[in-house]
Every structure is written in C-alpha cells, then in structure tokens.
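Peer 1: This is the structure I have questions about; it appears just below.
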Amino acid sequence: MGPFELDFHYADSALRSEYSRSESASPKFVSVTNEVNGLETSDVVASKASIPVTGTNSSIMKGCDLYHGNWIYDPLGPLYSNNSCPILTQTQNCQGNGRPDKDYENWRWKPFQCDIPRFDPRKFLELMKGKTLAFIGDSVARNQMESMMCILWQVEEPKNQGTRNMQRYYFESTSLTIVRIWSSWLVKHNSEPFDFAPAGVEKLYLESPDEMLMEFLPTFDVVVLSSGHWFMKQSVYILNNEIVGGQLWWPDKSRDMKINSVEAFGISVETILTALVTHPNYTGLTILRSYSPDHYEGGGWNTGGSCTGKVKPLAVGELVENKYLASMYEQQVKGFNRAVKKATNGSKIRLMDITEAFQYRHDGHPGPYRSTDPNKITKRGRDGRPPPQDCLHWCMPGPVDTWNEIVFEIIKREYE
C-alpha cells in the first residue's frame with residue numbers, strides 16, 4: 029500500500045477555487061471524438077464514436093459507443109457481495125460499514141447503441157489465458173483492481189504472489205496474472221532538494237515516467253492506467269530541468285508560475301503514455317481510464333462537502349457543471365492525443381471515457397460509511413455540518429464494477 033493511499037483524496041480546497049462551480053443542466057466536456065478523429069493513427073485510437081466492440085452477445089455491435097447511455101435498474105444485483113470478497117478494502121466496504129441502503133449496487137450502465145453483457149468471470153479468465161493485466165495508479169486504481177479481483181474471486185481463488193513493491197495475484201486455471209503498482213502521479217518524483225525548492229516537498233519531473241512502472245512494463249500484456257487526484261496535493265513541477273510551477277507551494281509571489289496543476293496533469297499523461305507507446309519492448313494494450321469524478325456537494329472534503337443521503341443516480345438534467353472536473357478531463361484527453369501521435373512500437377492504446385457517465389453516480393461513494401466503528405458519526409450535527417466522508421472512492425460492490433465490464437469489452441476486441 030502506497031503512502032497516503034487511503035486519504036489522498038482529502039485535497040485542499042484552494043485549487044478548486046480556481047474552477048468555481050455553477051448551476052448547469054449538463055457538464056461541459058471536450059469532445060473526445062472531435063479531438064481524436066483528426067489523427068492519422070486512427071487504428072490505435074479509441075474515441076467515443078469509434079471503439080469497435082465484439083462478443084458472443086449479438087447486441088454488442090461493431091462501432092458501439094460505450095460511453096453514452098443511461099443507468100438502468102438491474103434486479104439481478106451485483107456480481108459479488110461484500111462478504112464474498114476477502115480482498116476488499118474496508119473503507120470501500122459500504123455494507124460492512126453500516127450503510128443502510130443497497131440500491132446503489134443494482135444500477136447497470138446501458139449504452140444507447142448496444143448492451144454490455146454481464147461480466148462472465150470464467151470467460152474473462154479464458155480470454156486472458158497466459159497474460160498479465162496491470163492496474164497502475166493511485167488508490168482509485170486500487171479501487172478498480174480490487175473490483176476486478178472480487179469479480180474473478182467468485183469462480184477461482186488466486187494465489188498471492190505479491191512483493192513489497194507490487195501486488196500480484198495468479199489464477200492457476202488459465203495462468204492469468206493480475207498486478208497493481210502504486211504510482212500516485214505516473215511520473216518520476218522525489219522529495220530531494222532541487223534549485224530553490226527545499227527537501228521535504230515532493231518534486232514531480234514531468235518529462236520523466238515513473239521508473240518502477242517502466243521497469244516492469246515489458247512483462248505486461250494489458251495496462252490500465254489512471255491518475256489525477258494527487259495533483260491537488262502539495263508538489264513542485266519540474267520540466268526541462270527547471271521549476272515551472274507548484275501546487276500549494278510557490279515562494280516567489282512576484283513571479284507567475286508557467287504551468288498550474290491542471291496543465292501539469294496533462295503533461296504527465298502525455299509523458300507516461302508516450303513512454304509506453306514508444307517502448308521498444310512493449311507491444312501490449314494500454315487502456316487509459318478517464319478522470320473519475322468526485323461528488324462533494326456544498327464544499328470540499330474539509331469545508332462541509334457531502335454526498336450523504338444520495339441513494340440513486342442523478343437524472344438527466346440534474347448534473348451541476350464542474351469546471352475543475354471539465355478542465356482535468358480536457359487536459360487528460362489532450363495529453364492522450366499528443367501521445368498517440370508519437371506511437372512507434374505497434375502497441376495499442378485506448379481511452380476508456382467514463383467521466384461523463386460517472387458524474388451521475390453521486391450515490392456510489394462510501395460517504396460517512398468508511399469504517400466499522402460503531403460510534404462513527406453518519407448524520408449532520410446540530411449546526412448542520414455533515415460528518416467526515418469519502419465522496420471520491422467507490423463502494424464495493426457498486427458503480428466501479430462497471431469500469432471492469434468496459435475493460436472486458438475493450439479487451440474482447442483485441443483478443444477474441
């Protein structure tokens with residue numbers, strides 16, 4: 029488990045103040061389709077309108093747009109329970125932590141153009157026979173990896189072959205290996221002094237990929253990357269051997285920063301993806317999961333933000349514009365597109381564009397149900413303030429399982 033892995037989402041509200049929220053019927057996003065369609069390397073690009081998906085279910089048609097649709101109620105319920113998955117992190121075990129409602133487990137994502145089949149774990153194991161699937165990123169990446177493990181655990185208990193630096197699980201029936209590497213920013217970083225930035229403050233070398241990730245990359249067949257939320261933590265941005273900006277750190281107020289945290293995020297995405305699509309010994313499939321929205325309403329995590337009492341998805345027309353989210357998403361997509369143009373090694377890269385769909389799932393977070401403590405506060409106090417809560421990570425089972433159903437559909441196209 030990486031440092032601050034369970035609490036990195038407690039981001040400073042100062043950054044978000046740069047991107048004020050206002051009422052709107054729908055969020056403003058960059059059009060991924062428009063960004064991507066102009067690329068010559070269209071064969072390695074997955075846009076909102078061009079991800080071919082195949083499968084035994086005839087309703088999954090070539091060209092199906094997986095990312096525009098509706099959340100529909102599914103009486104079949106989730107693929108596992110909180111009691112049937114021993115790997116589930118307790119802070120995401122919403123039922124085990126006393127959350128009284130359960131309907132958030134029963135909503136399935138239904139694209140307008142097709143159906144996403146219910147995840148078949150045995151078929152997934154067979155499809156991934158002899159391969160290695162890696163989840164790389166922060167604790168939201170861990171959230172997704174544990175969801176995948178919980179789904180597969182229902183048909184086979186894997187062998188734990190992990191080390192200090194990497195979680196590793198081996199499914200003996202088909203020799204599938206699933207690993208997770210902690211990488212908070214996906215680029216090189218340390219806390220050593222640099223120029224006028226003192227020791228103790230994290231330095232991000234935005235042009236250099238995470239070294240540990242690159243060490244193991246040639247052994248991976250499918251890589252699911254995600255990041256972004258750690259860019260709200262204190263850090264210094266270094267580019268071309270020069271300090272160009274910082275988050276919650278900039279000692280010389282008389283000078284403007286050259287880049288802010290949102291721009292630094294976009295650069296980091298371009299850096300890591302470029303490293304993957306140009307690596308001479310990597311020919312796998314890279315899936316970049318787009319930025320995962322949080323749902324702190326009325327403030328940040330430490331300023332009265334809350335998702336308490338949300339028991340069903342938002343309806344069409346109920347979304348509130350989130351300028352910070354839209355900016356992070358835009359920079360991520362731009363970084364993705366810049367990297368695609370540099371691809372040289374024949375590997376494939378896909379954008380798993382979940383951001384807009386998951387803006388509707390304000391009901392899917394732990395909220396105040398983060399622990400088994402029987403004395404935890406779950407209701408607002410007399411002053412009206414909500415209790416401390418997590419409105420970033422996802423309950424398990426819950427909406428996060430949909431991410432892995434989409435991962436399965438993307439992989440089917442490559443390997444079936």
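Here this note's numbering runs 28 ahead of the position in the sequence shown, where the first position is 1.
Every residue, glycine too, gets a C-beta built ideally from N, C-alpha and C.
Starting from Val428 and walking both ways along the alpha helix (DSSP H), at which residues does that stretch end?
Peer 2: Counting along the chain, the alpha helix (DSSP H) containing Val428 begins and ends at 428 to 443.
Peer 1: Write down every uninterrupted run of the alpha helix (DSSP H) in the region 259 to 313 whose length is 4 residues or greater and which is fully enclosed by it, in chain order.
Peer 2: Counting only runs of 4 or more, we get 289 to 305.
Peer 1: Kindly indicate the opening and closing residues of the beta strand (DSSP E) around Gln360.
Peer 2: Here Gln360 belongs to no beta strand (DSSP E); instead the alpha helix (DSSP H) covers 351 to 368.
Peer 1: Which residue wins for smallest C-alpha separation from Glu230, given the options Gln118, Ser212, Leu245, Asn134?
Peer 2: For Glu230, the nearest C-alpha among the options comes from Ser212.
Peer 1: Please classify His96: is it buried, with 16 or more other beta-carbons within 10 angstroms of its beta-carbon, or exposed?
Peer 2: The residue is exposed, with fewer than 16 neighbouring Cβ atoms inside 10 Å.
Peer 1: Evaluate Val339 with the Cβ neighbour count: other Cβ atoms within 10 Å of its Cβ, from every protein chain shown; 16 or more gives buried, anything less gives exposed.
Peer 2: Result: exposed.
Peer 1: Gly256 and Phe293 - do their beta-carbons sit closer together than 8 Å?
Peer 2: Contact flag set, yes.
Peer 1: Should the region 165 to 172 be called in touch with the region 203 to 220, which here means at least 3 C-beta pairs below 8 Å?
Peer 2: These segments touch.
Peer 1: In or out: Tyr101 buried (at least 16 other Cβ within 10 Å) or exposed?
Peer 2: Label assigned to Tyr101: exposed.
Peer 1: Expressed to the nearest angstrom, what Euclidean distance is found between the alpha-carbon atoms of Thr372 and Ile439?
Peer 2: Distance between the alpha carbons of Thr372 and Ile439: 21 Å.
Peer 1: DSSP has Val250 in a bridge; who is on the other side?
Peer 2: Answer is Leu161, Leu313.
Peer 1: Just the Cα atoms here: how many angstroms apart are Ser109 and Arg192?
Peer 2: The alpha-carbon atoms of Ser109 and Arg192 are separated by roughly 28 Å.
Peer 1: Expressed to the nearest angstrom, what Euclidean distance is found between the alpha-carbon atoms of Thr383 and Pro321?
Peer 2: Cα to Cα, Thr383 sits roughly 6 Å from Pro321.
Peer 1: Among Arg441, Ile266, Pro394, whose alpha-carbon lies nearest the alpha-carbon of Thr117?
Peer 2: Taking only the C-alpha atoms, the option nearest Thr117 is Pro394.
Peer 1: Under 7 Å Cβ to Cβ from Lys286, same chain only, skipping five residues before and after it: list those, please.
Peer 2: Excluding positions up to five away in sequence, the list reads Val272, Gly273.
Peer 1: Taking a contact to mean a Cβ-Cβ separation below 8 Å, would you say Val215 touches Pro237 in this structure?
Peer 2: In this structure, Pro237 lies closer than 8 Å to Val215 by Cβ.
Peer 1: Measure the C-alpha to C-alpha separation of Ala354 and Ala385 and round it to an integer number of angstroms.
Peer 2: So the two alpha carbons sit approximately 13 Å from each other.
Peer 1: With burial defined as no fewer than 16 other Cβ atoms inside 10 Å of the residue's Cβ, what is the status of Lys261: buried or exposed?
Peer 2: It is buried - the Cβ of Lys261 has at least 16 other Cβ atoms within 10 Å.
Peer 1: Could you name the residues of the same chain whose beta carbon sits closer than 7 Å to that of Lys370, not counting the 5 residues immediately before and after it, in chain order?
Peer 2: Around Lys370: Thr302, Val305, Thr306.
Peer 1: Under a three-way DSSP split, which group does Val11 fall into?
Peer 2: With the chain running from 29 to 444 in the structure shown, residue 11 is simply not present.
Peer 1: Using alpha carbons as the reference points, say which of Val183, Lys281, Glu235 lies closest to Glu291.
Peer 2: Comparing Cα-Cα distances from Glu291 to each of Val183, Lys281, Glu235, the minimum goes to Glu235.
Peer 1: Which partner residues of Arg136 appear in the DSSP bridge assignment?
Peer 2: Ile100, per the DSSP bridge assignment.
Peer 1: Below 8 Å between beta carbons: does that hold for Gln182 and Pro145?
Peer 2: No, these two residues do not count as a Cβ contact at 8 Å.
Peer 1: Hey, how far is the Cα of Ile164 from the Cα of Arg378?
Peer 2: Approximately 15 Å, taken between the alpha carbons.
Peer 1: State buried or exposed for Thr299, treating a residue as buried only when at least 16 other CB atoms are found within 10 Å of its CB.
Peer 2: Flag for Thr299 reads buried.
Peer 1: I need the DSSP call for Phe244, collapsed to helix, strand or coil.
Peer 2: Helix.
Peer 1: When we look at the beta-carbon of Asp391 and count the other beta-carbons within 10 Å, is it buried (16 or more) or exposed?
Peer 2: It counts as buried.
Peer 1: Is any heavy atom in the ligand GTP found nearer than 7 Å to the beta carbon of Tyr397?
Peer 2: For the ligand GTP, the structure offers nothing, since it holds no ligand at all.
Peer 1: Would you mind sorting Lys407 into buried or exposed? The rule is 16 or more other CB atoms within 10 Å of its CB.
Peer 2: Classification for Lys407: exposed.
Peer 1: I'd like to check one pair, Gly328 with Ser334: are the Cβ atoms closer than 8 Å?
Peer 2: No, they are not a contact pair.
Peer 1: Name, in chain order, the residues that DSSP records as bridge partners for Met380.
Peer 2: Its beta-bridge partners are Arg317.
Peer 1: If you draw a straight line from the C-alpha of Asn432 to the C-alpha of Lys351, how long is it?
Peer 2: Spanning the two alpha carbons is a distance of roughly 27 Å.
Peer 1: When the distance is taken between beta carbons, is Cys178 closer than 8 Å to Cys423?
Peer 2: Contact flag unset, no.
Peer 1: Could you give the first and the last residue of the continuous beta strand (DSSP E) run that contains Pro149?
Peer 2: That residue, Pro149, is in no beta strand (DSSP E); its alpha helix (DSSP H) goes 149 to 155.
Peer 1: Leaving out five residues on either side along the sequence, give the residues of the same chain with a beta carbon under 8 Å from the beta carbon of Gly409.
Peer 2: Around Gly409: Pro415.
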